[in-house]
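Trainee:
Chains as they are written, first to last, in the numbering used here: chain A, 2 to 376; chain B, 15 to 302.
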């Protein structure tokens, strides 16, 4: 209430010089390595990233086949559908990593916002004549308002209690969707898209490449936005909060405000991903509201490596691939091995015990890893 | 009137179930700072272990006892082999238990199928007794009695025995207990095994009340148990009992008198209210 002086200008990242120096000072004090360390090599990276994006974007036009891994060429609708889902889940995973890996907030309710995007899309299409523009507008509004309100409540508690509070709200969302008191969500069966309100270019098997490009575009935009946010001044405060929240508070910044920013930003992009998910999978599914879905996000992020560039991205891609293909790949093995969640859960336990840095830590040369991790 | 009595008694039955699940969670959290998602795995496993024994022998009592022993053993093994490696780092511990929950639920699903299995209980448990004109199934009385017994037993154990003393002191200030030369870790294993047995008991009774056991029952019940634990105050045994009664009754009344699903939503609103007004929970200690 009485702290307008220390909080007034710092929230939008373009604060006055006073706030700026304060944050710089904060960063050098809390995380010296963030200011002076070599960081990931910068020179060849942009070129490589552009090359990967161009390659990914041209996949639907290539007739390459990778036998066993994908059943069909990259231009076949089935493979494009799988790849689109992988991109959407990778998008959700990197937003979750912003919370968990970079800000240190363990949320068990992130799936709620994916569900919010999905159901907003399906409901707007079913109940109104607004079409795609209406879907986009409503998703943006919902994706800002609900995260703001819920995060403001949940962030009143920290640590494990925050995790449980988010879990409880996600559960409320799940109950609302499954019990369907207002008769809009279709209950357990979910809600199929009203295709006649959508542009033709997004509908049907023939247009699988368009949906693929949409998913790819969303992933690229989200990744770029989050990288930019993390490099900005608030982004540095988020990482400082993860490393030492008390110290941030002692230096006169309000952790609450910054945590709220991180929550809203991450949830907003998760809501957009939910919209893309609905458009790709042809409707809203009640499973997304399930606690298991959010736990799956956690598995993705830890699988790839928390708080590392590309960690969550890789984790999201690998997890979704395994989740969809494991059943087919392991036919003949039978038993528990054909249950994707058994395999993923076991891999997860092994990773937590023996490779806490996740898959991304395998590729980063040892000299670049943080001292704490190497010890 | 008779509806109200029925709702109250079934609400108390639900509260008893929540208490059995939440008390284990709360003790484990209070002593070890572990948010134990694997508790959900023991709920499911407990239900299925009881089902296997009841299916083979026909005795529900034996089923419950075997499933409690089985889960207590499994929980102790899990604590010793897996969790012990990670003491001191809370988030990896939570992640570990999440992995166990996912893997065990999938394992149960692949072993017994996704469909629910019918759990046969003694005939008298499904009969009804009239209380003020309300027909109440006997299994509700049984679970309330069991929960009261567990409450009394746990209270006596915590208050009167040496191990109970160590556990209470450990919840209060673990570093100090260790500094006094007492090996708190031994009581970690004990509390974990206790929690596993209570979860199995709750899992078996969930099966008895629903008449079926299903692979998803653990995850479902776990979330409400978490809510009970936060409302009661993390680590507080009595707070847990109080919150269980509050949540169970409120849920039953609202589900009957309100809209579809109102009971479940109201519980979440109650949680939000508690977090806003009293973040440490009803009987929890304020954290420094």
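We put the CB at the ideal spot given by N, CA and C, even for glycine.
So, helix, strand or coil for residue 300 of chain A, using DSSP?
Mentor: Translated into the one-based positions of the first chain, residue 300 of chain A becomes position 299. Residue 300 of chain A: helix per DSSP, three-state reduction.
Trainee: Output the boundary residues of the alpha helix (DSSP H) element that contains residue 148 of chain A.
Mentor: To locate residue 148 of chain A, count along the first chain from 1; it is residue 147. Element bounds for residue 148 of chain A: 132 to 155.
Trainee: Under three-state DSSP, which class holds residue 361 of chain A?
Mentor: In the first chain, counting from the first residue as 1, residue 361 of chain A sits at position 360. Three-state result, residue 361 of chain A: helix.
Trainee: Should residue 269 of chain A and residue 110 of chain A be called a contact, given that it needs their Cβ atoms to be closer than 7 Å?
Mentor: Counting from one through the first chain, the residue named residue 269 of chain A turns up at place 268. Counting from one through the first chain, the residue named residue 110 of chain A turns up at place 109. No.
Trainee: Below 7 Å between beta carbons: does that hold for residue 242 of chain B and residue 36 of chain B?
Mentor: The count along the second chain starts at 1 and reaches residue 242 of chain B at position 228. The count along the second chain starts at 1 and reaches residue 36 of chain B at position 22. Yes.
Trainee: Is residue 43 of chain A helix, strand or coil by DSSP?
Mentor: Here residue 43 of chain A is taken as the residue at index 42 of the first chain, counted from 1. Bear in mind that the predicted position of residue 43 of chain A carries a pLDDT of just 48, short of 50, making it unreliable; the figure below should be weighed with that in mind. In the structure shown, residue 43 of chain A sits in coil (DSSP, three-state: anything other than H, G, I, E or B).
Trainee: List, in chain order, every chain A residue whose beta-carbon is nearer than 8 Å to that of residue 240 of chain B.
Mentor: Residue numbering aside, residue 240 of chain B sits at position 226 when the second chain is read from its first letter. Per Cβ cutoff of 8 Å: 165, 168, 169.
Trainee: CA-CA distance, residue 248 of chain A and residue 40 of chain B?
Mentor: Counting from 1 along the first chain, the entry for residue 248 of chain A is found at position 247. Counting from 1 along the second chain, the entry for residue 40 of chain B is found at position 26. Roughly 30 Å between the two C-alpha positions.
Trainee: Taking only the alpha-carbon atoms, compute the straight-line gap between residue 245 of chain B and residue 282 of chain B and give it to the nearest angstrom.
Mentor: Locating residue 245 of chain B in the second chain gives position 231, where the first residue counts as 1. Locating residue 282 of chain B in the second chain gives position 268, where the first residue counts as 1. Their backbone Cα atoms lie some 10 Å apart in a straight line.
Trainee: State yes or no: is the beta carbon of residue 154 of chain A nearer than 7 Å to at least one beta carbon in chain B?
Mentor: Stepping through the first chain from its first residue, residue 154 of chain A is reached at position 153. With 7 Å as the cut-off, residue 154 of chain A counts as an interface residue toward chain B.
Trainee: Give a yes or no on whether 7 Å exceeds the smallest Cβ distance from residue 124 of chain A to chain B.
Mentor: In the first chain, counting from the first residue as 1, residue 124 of chain A sits at position 123. Judged by the 7 Å Cβ criterion, residue 124 of chain A is not in contact with chain B.
Trainee: Going straight from the alpha carbon of residue 268 of chain B to that of residue 59 of chain A, what length do you get?
Mentor: The count along the second chain starts at 1 and reaches residue 268 of chain B at position 254. The count along the first chain starts at 1 and reaches residue 59 of chain A at position 58. Taking the straight line from one Cα to the other gives about 55 Å.
Trainee: For the alpha helix (DSSP H) containing residue 104 of chain A, list its first residue and its last residue.
Mentor: Counted from its first residue, the first chain places residue 104 of chain A at position 103. Taken as a continuous stretch (DSSP letters only), residue 104 of chain A belongs to no alpha helix (DSSP H), as it is neither H nor E.
Trainee: Kindly indicate which three-state DSSP category residue 151 of chain B falls into: helix, strand or coil?
Mentor: Within the second chain, numbered from 1, the residue matching residue 151 of chain B stands at position 137. Here residue 151 of chain B sits in strand by DSSP.
Trainee: Shorter than 7 Å from the beta carbon of residue 83 of chain A to some beta carbon of chain B?
Mentor: Here residue 83 of chain A is taken as the residue at index 82 of the first chain, counted from 1. Chain B contact via Cβ: absent.
Trainee: Return the CA-CA distance between residue 36 of chain A and residue 153 of chain A, expressed in angstroms with no decimal places.
Mentor: The count along the first chain starts at 1 and reaches residue 36 of chain A at position 35. The count along the first chain starts at 1 and reaches residue 153 of chain A at position 152. Bear in mind that the predicted position of residue 36 of chain A carries a pLDDT of just 45, short of 50, making it unreliable; the figure below should be weighed with that in mind. Spanning the two alpha carbons is a distance of roughly 31 Å.
Trainee: Would a check of beta-carbon distances place residue 37 of chain B closer than 7 Å to chain A?
Mentor: In the second chain, the residue the question calls residue 37 of chain B occupies position 23. False, the Cβ-Cβ gap to chain A never drops below 7 Å.
Trainee: Can we say the segment 93 to 100 of chain A touches the segment 221 to 240 of chain A, given the rule of at least three CB pairs closer than 8 Å?
Mentor: These segments touch.
Trainee: At least one CB of chain B closer than 7 Å to the CB of residue 148 of chain A: is that the case?
Mentor: Within the first chain, residue 148 of chain A is the residue found at index 147, counting from 1. Output row for residue 148 of chain A: interface = no.
Trainee: In angstroms, rounded to a whole number, what distance separates the CA positions of residue 163 of chain A and residue 283 of chain A?
Mentor: Counting from one through the first chain, the residue named residue 163 of chain A turns up at place 162. Counting from one through the first chain, the residue named residue 283 of chain A turns up at place 282. One C-alpha to the other measures close to 33 Å.
Trainee: Between which two residues does the alpha helix (DSSP H) holding residue 118 of chain B run?
Mentor: If you number the second chain from 1, residue 118 of chain B lands on position 104. It spans 104 to 126 - the alpha helix (DSSP H) in which residue 118 of chain B sits, taken as one unbroken run.
Trainee: Please go through the same chain and pick out, in chain order, the residues whose beta-carbon is closer than 6 Å to the beta-carbon of residue 316 of chain A, but skip the five residues on each side of it.
Mentor: Here residue 316 of chain A refers to the residue found at position 315 of the first chain. Once the five neighbours on either side are set aside, the close Cβ partners of residue 316 of chain A are 94, 301, 302, 304, 305.
Trainee: Can you find the residues in the same chain that come closer than 7 Å, C-beta to C-beta, to residue 191 of chain A, ignoring five residues on each side of it along the sequence?
Mentor: Numbered from 1 along the first chain, position 190 holds the residue referred to as residue 191 of chain A. These residues qualify, in order along the chain: 284, 285, 286, 287.
Trainee: Cβ of residue 113 of chain B less than 7 Å from any chain A Cβ?
Mentor: Residue 113 of chain B sits at position 99 when you count from the first residue of the second chain. Yes - at least one Cβ of chain A is within 7 Å of the one on residue 113 of chain B.
Trainee: Alpha carbon to alpha carbon, how far is residue 140 of chain A from residue 61 of chain B? Give it in angstroms, no decimals.
Mentor: Along the second chain, one-based indexing puts residue 61 of chain B at 47. Along the first chain, one-based indexing puts residue 140 of chain A at 139. Distance between the alpha carbons of residue 61 of chain B and residue 140 of chain A is about 41 Å.
Trainee: Among A:53, A:180, A:151, A:339, which has the Cα closest to the Cα of residue 265 of chain A?
Mentor: Within the first chain, numbered from 1, the residue matching residue 265 of chain A stands at position 264. Closest by alpha carbon: A:151.
Trainee: If you measure from the beta carbon of residue 233 of chain B to each beta carbon in chain A, is any gap under 7 Å?
Mentor: As a first step, residue 233 of chain B is located in the second chain; it is residue number 219 there, counting from the start. Yes - at least one Cβ of chain A is within 7 Å of the one on residue 233 of chain B.
Trainee: Cβ of residue 37 of chain A less than 7 Å from any chain B Cβ?
Mentor: Position 36 of the first chain, counted from the start, is the residue given in the question as residue 37 of chain A. Caution is warranted here: a pLDDT of 42 is assigned to residue 37 of chain A, below 50, making its placement in the model unreliable, and the coordinate value is therefore given only provisionally. So no, residue 37 of chain A is outside the interface.
Trainee: With H, G and I counted as helix, E and B as strand and the rest as coil, what does DSSP make of residue 112 of chain A?
Mentor: Sequence index remark: in the first chain, residue 112 of chain A carries index 111 (1-based). Helix, per DSSP.
Trainee: Would you say residue 97 of chain B faces chain A, with C-beta separation under 7 Å as the test?
Mentor: Indexing the second chain from 1 puts residue 97 of chain B at position 83. It does not: the Cβ of residue 97 of chain B has no partner Cβ on chain A nearer than 7 Å.
Trainee: Please tell me whether residue 151 of chain B has its Cβ less than 7 Å away from any Cβ of chain A.
Mentor: Looking up residue 151 of chain B in the second chain gives position 137. Chain A, which has no Cβ nearer than 7 Å to the Cβ of residue 151 of chain B, makes this no.
Trainee: Give a yes or no on whether the minimum CB-CB distance between residue 181 of chain B and chain A is below 7 Å.
Mentor: Against the second chain, residue 181 of chain B aligns to sequence position 167. Cβ-Cβ to chain A under 7 Å: no for residue 181 of chain B.
Trainee: Between the segment 120 to 140 of chain B and chain C, which residues of the former have a C-beta closer than 9 Å to a C-beta of the latter?
Mentor: Chain labels in this structure do not include chain C; the protein chains are A and B.
Trainee: Which residues in the same chain have their Cβ closer than 7 Å to the Cβ of residue 207 of chain B, if we skip the five residues on either side of it in sequence?
Mentor: For the purposes of this step, residue 207 of chain B is taken as residue 193 along the second chain, with counting starting at 1. These residues qualify, in order along the chain: 86, 89, 90.
Trainee: Determine the DSSP secondary structure at residue 130 of chain B, reduced to helix, strand or coil.
Mentor: Reading the second chain from its first residue, position 116 is the one you call residue 130 of chain B. Three-state DSSP puts residue 130 of chain B in coil, outside helix and strand.
Trainee: Near residue 191 of chain B, what residues of its chain come up, given a Cβ to Cβ distance below 7 Å and the 5 sequence neighbours on each side ignored?
Mentor: Residue numbering aside, residue 191 of chain B sits at position 177 when the second chain is read from its first letter. These residues qualify, in order along the chain: 180, 183, 184, 198.
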